[in-house]
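The numbering used here numbers the first residue of the sequence shown as 97 and each following residue consecutively.
For reference, the structure discussed in these notes is given below.
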Amino acid sequence: MASTKEIRNQISSVINTKKITKAMEMVAVSKMRKTELKMRSGRPYADTIRKVINHVVQGNLEYKHSYLENRKITRIGIIIISTDRGLCGSLNTNLFKQVLLKMQNFARLNVPCDLILFGLKSLSVFKLCTSNILAQVTNLGEYPNILELIDPVKIILERYQSKKIDKIFIAYNKFYNKMLQKPKIVQLLPLSNTDVINPKSKNWDYLYEPESKLILDTLFNRYIESQIYQSILENIASEQAARMMAMKIATDNSSNRIKELQLIYNKVRQSNITQELTEIVSGASAVSLD
């Protein structure tokens, strides 16, 4: 059994750990509120441009855009959005499991995969895979600049337009509330009929000026960029919420551990006192017998 000094050192160590986790919890709460506000402020734009795309696709397009073509799948691309730092529970692990499962499913069909990675955690995991990493972006921070994200997006879009990639997915953690964040893998291209086109809605048509190709190319690119940027904001808000919960659990566990150690300390201390009293009584009895 450990000595009282060793137990006191353990208690002191756990108390210090509790202070750290509590401070990190409070920081995560503050950051989560700000990132959640930014994430929610971006949703209206992402939803609106999605509706615009919905209306445009249902019109009589003057030319067939490549983003609407369904091809034979010979190669896929996946944009993976993870965190730069850890201490956020199983947030990244759950996402990576889903991505690896999808990659394995396509690998069984002899379909290779190209990757665009956002976040250090995804880089540390997927650099060990045989998949080709087209681009990587790290140190996004809480407020990423969309201008820094355009170049990696252009790389994968150019490969799709040149038919080097036939399907693009985006994987991220969607923020539902402070207690719930779930990994999602969404097909980005070609535009899915079930995700964008609503056959029950009425038909739409447009007149394009100066020309439909220029307008549609710009519109579809803005749509893809907005969906990727909003996914990054969702993932950042999920990261702070998950870190807040992880640090809260760690703080609660530290409190429970302190109580357990204090109980053990009291038992050891009581046992030592009892042993000392026994030794004193035994010594006094021996002296009296002499």
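Note that beta-carbon positions come from the ideal geometry of N, C-alpha and C, so glycine has one too.
Small disclaimer: the values here were computed from a predicted structure and weren't measured.
Beta-carbon proximity of residue i to residue j, cut-off 8 Å
| i | j | result |
| --- | --- | --- |
| T144 | D262 | no |
| P286 | L164 | yes |
| K114 | S351 | yes |
| H161 | F316 | yes |
| Q194 | I281 | yes |
| I332 | E238 | yes |
| Y361 | R104 | yes |
| S220 | C209 | no |
| A337 | Q283 | no |
| I107 | L357 | yes |
| L205 | I328 | no |
Residue span of the alpha helix (DSSP H) that contains residue i, given as start and end
| i | result |
| --- | --- |
| P140 | 100-154 |
| L230 | Run containing L230: none in the alpha helix (DSSP H); it sits in the beta strand (DSSP E), 228-233. |
| K160 | Run containing K160: none; DSSP gives neither H nor E here. |
Where the beta strand (DSSP E) through residue i begins and ends
| i | result |
| --- | --- |
| I176 | 172-177 |
DSSP three-state assignment for residue i, whether helix, strand or coil
| i | result |
| --- | --- |
| L373 | helix |
| K278 | strand |
| I261 | coil |
| Y268 | strand |
| I212 | strand |
| I293 | In this prediction, I293 has a pLDDT of 46, which is less than 50 and means its spatial position is unreliable; what the coordinates show is noted afterwards. It is coil, neither helix nor strand. |
| L191 | helix |
| L245 | coil |
| L285 | strand |
| G237 | coil |
| I169 | coil |
| N206 | coil |
| A379 | The question names Ala, but residue 379 is Gly in the sequence shown. Helix, per DSSP. |
| D313 | helix |
| L183 | coil |
| E335 | helix |
| N273 | coil |
| L224 | coil |
Residue i versus residue j: straight-line alpha-carbon distance, rounded
| i | j | result |
| --- | --- | --- |
| Q232 | F214 | 6 Å |
| G185 | A342 | 6 Å |
| R353 | K118 | 15 Å |
| E330 | L359 | 44 Å |
| V125 | I345 | 14 Å |
| N289 | Q154 | With a pLDDT of 49 at N289, under the threshold of 50, the modelled position of that residue is not reliable, and no figure is offered here. |
| I172 | Q200 | 12 Å |
| S109 | I320 | 49 Å |
| V207 | L196 | 14 Å |
| L133 | K127 | 10 Å |
| R339 | E121 | 7 Å |
| T370 | K363 | 10 Å |
| V292 | G138 | Note that V292 scores a pLDDT of 48, beneath 50, so its modelled location is shaky; the value from the coordinates is reported in the next line. Whole-angstrom Cα-Cα distance: 19 Å. |
| T189 | R136 | 25 Å |
| D180 | Y141 | 26 Å |
| L224 | I242 | 28 Å |
Candidates the options: closest to residue i by CA position
| i | options | result |
| --- | --- | --- |
| E335 | I177, S351, I103, E356 | I177 |
| Q326 | R104, I103, T131 | T131 |
| V148 | T314, I252, A346, R339 | T314 |
| R167 | Y256, S137, V377 | Y256 |
| K217 | E375, L183, V207, N201 | L183 |
| N349 | I111, N105, I103 | I111 |
| L230 | V152, P240, K250, K309 | K250 |
| I252 | L187, L312, M120, I174 | I174 |
| F222 | A337, L205, L191 | L191 |
| N150 | R136, I324, I376, L312 | L312 |
| R146 | S99, E356, Q371, S322 | S322 |
Residue-level contact to chain D via CB, residue i, 8 Å cutoff
| i | result |
| --- | --- |
| A337 | The structure shown contains no chain D, having only a single protein chain. |
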